[in-house]
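One structure is given below, encoded as C-alpha cells.
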Amino acid sequence: MKRILITGGAGFIGSHLCERLHKEGNDVICLDNFFTGSKENIKHLLGNPYFEMVRHDIVNPIFLEVDQIYNLASPASPVHYQYNAIKTIKANVIGTINMLGLAKRVRARILQASTSEVYGDPKVHPQTEEYWGNVNPVGLRSCYDEGKRVAETLMMDYHRQNKVDIKIVRIFNTYGPKMAVNDGRVVSNFIVQALQGRDITVYGQGTQTRSFCYVDDMVDGLIRMMNSPVDFTGPVNLGNPDEYKILELAEKAIAMTGTKSVIVYKPLPSDDPIQRCPVIKRAHQVLGWTPRVKLDIGLKTTIEYFKKKITELNS
Ligand code: NAD
Ligand code: UDP
54 MKRILITGGA GFIGSHLCER LHKEGNDVIC LDNFFTGSKE NIKHLLGNPY FEMVRHDIVN
114 PIFLEVDQIY NLASPASPVH YQYNAIKTIK ANVIGTINML GLAKRVRARI LQASTSEVYG
174 DPKVHPQTEE YWGNVNPVGL RSCYDEGKRV AETLMMDYHR QNKVDIKIVR IFNTYGPKMA
234 VNDGRVVSNF IVQALQGRDI TVYGQGTQTR SFCYVDDMVD GLIRMMNSPV DFTGPVNLGN
294 PDEYKILELA EKAIAMTGTK SVIVYKPLPS DDPIQRCPVI KRAHQVLGWT PRVKLDIGLK
354 TTIEYFKKKI TELNS
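Quick note: the sequence shown uses the working numbering, first residue 54, plus one each step.
Now the structure itself:
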C-alpha cells in the first residue's frame, strides 16, 4: 500500500485517478481548493479510512508524509484558466515549487501534469516531445501555457540539482464523465448544448483540429508513467492520435444525441491552436501504453453521464 497525494483530485481527471488508485489498494489523499473541482466527484470515496480529502490551495506550502505525488492542481479549461490569469500562473509556478519542495523533503516521486499547450500553436505536426513549441508569451493563453512550461523547467531543475524523482507527462485533450457541466471545453460544451437543445457554438470555421483521449486511457497512462523506471523522467506525450476537425466533433454530437440543435459560428479565440495531434511512440515504447477507447464509444458514455447530470440539475 502506497501513500499517494493527488493535487486537483476533485477535478475531472483527478477524481478518476483517486478512484482507480484507491481501488488498487492505496492510501489516497485528495487535495483540492474546489475552484473547478467538486465534492460530487469524490463523495462516494469519503468515509473510507484509506481516502482523505484535504481542502487546500497548493499556492501555500503543505506538509504531508507521502510516497507519490500526482500534481494535477490547475484550472485546465481556457474559460477557467483565463478567469483569474494571475492565480493560474501562481498555481503552476508557486504551486509546483511547493509540491517539489514536499517531494524533496519526504523523498516522494512526483508526476507533473503538463499539457500539449506547451507546443502552443505548433509549427510541427504531429507533435513529438522533441519539439520546443510555438507559444505566445504575452497572450491570453500565456498564463496557462507559460505556467506549464515553467512547471516543466522546475521539475527538471529540481531533478538535476536536488535529485528529486520526477515524471513529466504532456496531456492532450481528454474528455469523459465527471467533466463539469460548465467546464467550457469543447466536448462538454457541445454535448451539453446538444442535450439542452441550444445552439452548438463552433469557434472560427471549425477547421482547427484536436485529438481526443478518453479519461480511462489517460488515467492508465498516468499510472504507468508514475511507475516507470527511475531514469525515465519524460516528458512523454499522452493522448489519442485520432485527429478530428472541431466541426466534425459538432456533427458527431448532433448525430449521437439526436438533437434539433443547430451549429452557430462564433469568433475564434486569440492564439487558438490550428492543429494538434500527439506522436505517442515514446509512451508506447517505454510505458507499453496505447489508448484503446475510440471517440464514438467514449462520446456515448460521456453523453450518458451528461444526460444524468442535467436531469439531476433540473430536478
Ligand atoms: P479540472 O479543472 O477538472 O481539474 C483541476 C482541479 O484542480 C480542480 O479540482 C480544481 O479545483 C483544482 N485546483 C485548481 N487550482 C488549484 C489550486 N491552486 N490548489 C488546489 N487545487 C486546485 O481539469 P482536468 O481536466 O481534470 O485537469 C487536471 C490536470 O491535467 C490540470 O493540471 C490540467 O492542466 C492537466 N491537463 C488536462 C487536460 C485535459 O484535456 N483534461 C489537458 C492537458 C492538461
Ligand atoms: N471550441 C469550440 N466551441 C466551444 C468550445 C471550444 O469551437 O464551445 C474550440 C476551441 O476554439 C478550440 C477547440 O474547440 O479550437 C478545443 O477547445 P477546448 O477549450 O476544449 O481546449 P483547447 O484545446 O483549446 O485548450
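Every residue gets a Cβ at the ideal spot worked out from N, C-alpha and C, and that includes glycine. The structure displayed is predicted, hence computed values, not measured ones.
{"Asked": "Other residues of its chain near F87: CB distance less than 8 Å, five sequence neighbours each side excluded", "Found": "A63 and R108"}
{"Asked": "CB contact check: Y103 to chain B, cutoff 9 Å", "Found": "Absence of chain B from the displayed structure is noted, only one protein chain being present."}
{"Asked": "T286 (DSSP reduced to helix, strand or coil)", "Found": "coil"}
{"Asked": "Nearest residue (CA-CA) to L340, options T206, N235, V272 and D236", "Found": "V272"}
{"Asked": "Length of the line joining the Cα atoms of G274 and K361", "Found": "28 Å"}
{"Asked": "DSSP-derived helix/strand/coil call for E105", "Found": "strand"}
{"Asked": "Per DSSP, the bridge partner or partners of Q165", "Found": "N124 and I221"}
{"Asked": "Among D252, A233, E296 and Y197, the one whose alpha carbon lies nearest that of T260", "Found": "E296"}
{"Asked": "N- and C-terminal bounds of the alpha helix (DSSP H) containing D85", "Found": "Per DSSP, D85 belongs to no alpha helix (DSSP H); it is in the beta strand (DSSP E), D80 to D85."}
{"Asked": "Limits of the unbroken alpha helix (DSSP H) element including V245", "Found": "V239 to L248"}
{"Asked": "CB of N187 within 9 Å of CB of P179, strictly", "Found": "no"}
{"Asked": "Nearest-angstrom Cβ-Cβ length linking G173 and N189, presumed shorter than 8 Å", "Found": "7 Å"}
{"Asked": "CB contact flag (I12, A303, <9 Å)", "Found": "Outside the shown range of the chain, which is 54 to 368, sits residue 12, and nothing can be said about it."}
{"Asked": "Residue span of the beta strand (DSSP E) that contains Y318, given as start and end", "Found": "I316 to K319"}
{"Asked": "K362 CB to nearest heavy atom of the ligand NAD below 8 Å", "Found": "no"}
{"Asked": "N189: CB within 8 Å of a non-hydrogen atom of the ligand UDP", "Found": "no"}
{"Asked": "Cβ-Cβ separation, K220 to S127 (assumed contact under 8 Å), whole Å", "Found": "No, S127 and K220 are not in contact; Cβ-Cβ is about 16 Å, not under 8 Å."}
{"Asked": "Integer Cβ distance of L70 from Y136, believed to fall under 8 Å", "Found": "The Cβ separation is near 24 Å, so there is no contact."}
{"Asked": "Proximity test, F225 beta-carbon vs the ligand NAD heavy atom, cut-off 8 Å", "Found": "yes"}
{"Asked": "Simplified DSSP state of V188, which is helix, strand or coil", "Found": "coil"}
{"Asked": "Euclidean distance between Cα positions of L250 and L300", "Found": "The residue you asked about is not Leu; residue 250 is Gly in the sequence shown. Computed Cα separation, rounded: 18 Å."}
{"Asked": "Cβ pair V191, K143 closer than 9 Å", "Found": "no"}
{"Asked": "Residues bridged to Q180 [DSSP beta-bridge criterion]", "Found": "P331"}
{"Asked": "First and last residue of the uninterrupted alpha helix (DSSP H) at K305", "Found": "I299 to T310"}
{"Asked": "Proximity to N79 [Cα-Cα], best of T89, S91 and L98", "Found": "L98"}
{"Asked": "I111 (DSSP reduced to helix, strand or coil)", "Found": "coil"}
{"Asked": "Cβ shell of D198 (< 7 Å), same chain only, five flanking positions each side left out", "Found": "E170, V171, G173 and V188"}
{"Asked": "Residues that S264 bridges to, as DSSP identifies them", "Found": "E296"}
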